[in-house]
Every structure is written in C-alpha cells, then in structure tokens.
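Written out below as structure tokens is the structure these notes cover.
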Amino acid sequence: MGRELSRHELLVEAASAAEALRAVSSFGDRRRYDDDRVFRYAAAFAWPRFTEPLCRLITGRLVGDDARRTWAGMCDIRNMLAHERDQDIDFAMLWALLGERLPRTEAQLDWLMVDG
0 MGRELSRHEL
10 LVEAASAAEA
20 LRAVSSFGDR
30 RRYDDDRVFR
40 YAAAFAWPRF
50 TEPLCRLITG
60 RLVGDDARRT
70 WAGMCDIRNM
80 LAHERDQDID
90 FAMLWALLGE
100 RLPRTEAQLD
110 WLMVDG
C-alpha cells in the first residue's frame with residue numbers, strides 16, 4: 000500500500016477483477032442471485048475490487064475522455080458499496096450491470112492495455 004500504482008498496474012488490476020467478477024457471476028443466474036444471499040453478496044462485493052482501480056484511473060486522469068465516458072458511474076457504484084447499509088444497496092442494479100457494463104468496460108481495458 001505504500002506506493003501509487005502505475006497506470007498499467009491499475010489497468011491490469013481492473014482487468015483481473017473484471018475476470019473474477021465475471022467468474023463469480025457465472026456460478027448462477029438471476030434467480031440464484033435473488034434467492035441465495037451468499038451468492039448475491041459474493042457477486043455484489045466483487046464489484047469494489049473492479050471499480051476501485053477504475054476510479055483511481057479516472058480521478059488520477061490516467062485515461063482519456065472515451066474511457067471516462069465508458070466508466071461513468073463506476074465510482075458511484077464503489078461509493079455505494081462502501082458506504083450504504085446492506086439493506087440500502089440496489090442489488091438488482093448490480094446484477095443488471097454485469098450484462099450492461101462489464102463487457103464494454105472489459106473491451107475498453109483490453110484496448111488501453113494494448114495501446115499502452
């Protein structure tokens with residue numbers, strides 16, 4: 000925790016967390032997510048590992064406008080999960096975002112890592 004991570008390190012961390020988030024979500028479907036509290040928590044709380052490096056890239060201005068637009072709202076998700084009571088977290092939204100946001104963000108991360 001002593002040093003700031005480089006742009007590349009943050010991109011790699013976000014890509015790795017995205018892969019883990021996708022893997023966790025593959026263990027079930029929306030019905031299991033709604034019915035199984037432990038699965039819902041595992042999927043939902045993998046989000047901070049994914050959103051934290053994205054937010055650091057955005058706030059550090061280490062990515063351009065295109066990435067910032069693609070990742071719009073990721074810091075809000077991180078903050079919600081860090082500061083809201085469990086009963087106030089919008090778990091349905093988090094599940095929906097797996098299909099809506101995760102693929103676009105992964106594609107952007109892949110492009111940024113190749114582009115340097």
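Going letter by letter, the sequence shown gives residues 0 to 115 in numbering that gives the first Met the number 0. Glycine residues also receive a C-beta, built at the ideal position from the N, C-alpha and C atoms.
Sorted by chain position, which residues of the same chain lie with C-beta nearer than 6 Å to residue 42's C-beta, five sequence neighbours on each side aside?
-> Residue numbering aside, residue 42 sits at position 43 when the sequence shown is read from its first letter. The answer, listed in chain order, is 23, 24.
Helix, strand or coil: how does DSSP classify residue 27 here?
-> Counted from its first residue, the sequence shown places residue 27 at position 28. Residue 27 falls in the coil class under three-state DSSP.
Who are the near neighbours of residue 107 in its chain, counting only those whose CB is closer than 6 Å to its CB and skipping five residues on each side?
-> The sequence position of residue 107 within the sequence shown is 108, counting from 1. These residues qualify, in order along the chain: 66, 69.
Kindly list the residues whose CB is nearer than 8 Å to the CB of residue 74, restricted to its own chain and excluding five residues on each side of it in sequence; keep chain order.
-> Residue 74 sits at position 75 when you count from the first residue of the sequence shown. Counting only Cβ-Cβ distances below 8 Å, and skipping sequence neighbours, we find 50, 53, 54, 57, 58.
Tell me whether the beta-carbon of residue 20 lies closer than 8 Å to the beta-carbon of residue 12.
-> Taking the first residue of the sequence shown as position 1, residue 20 is located at position 21. Taking the first residue of the sequence shown as position 1, residue 12 is located at position 13. In this structure, residue 12 does not lie closer than 8 Å to residue 20 by Cβ.
Whose CA, out of 32, 7, 18, 26, lies closest to the CA of residue 95?
-> By 1-based counting over the sequence shown, the position of residue 95 is 96. The residue with the shortest Cα to Cα distance from residue 95 is 32.
Exposure label - residue 17; buried when at least 16 CB within 10 Å = Taking the first residue of the sequence shown as 1, we reach residue 17 at position 18. A residue is called buried once 16 or more other Cβ atoms fall within 10 Å of its Cβ, and residue 17 is buried on that count.
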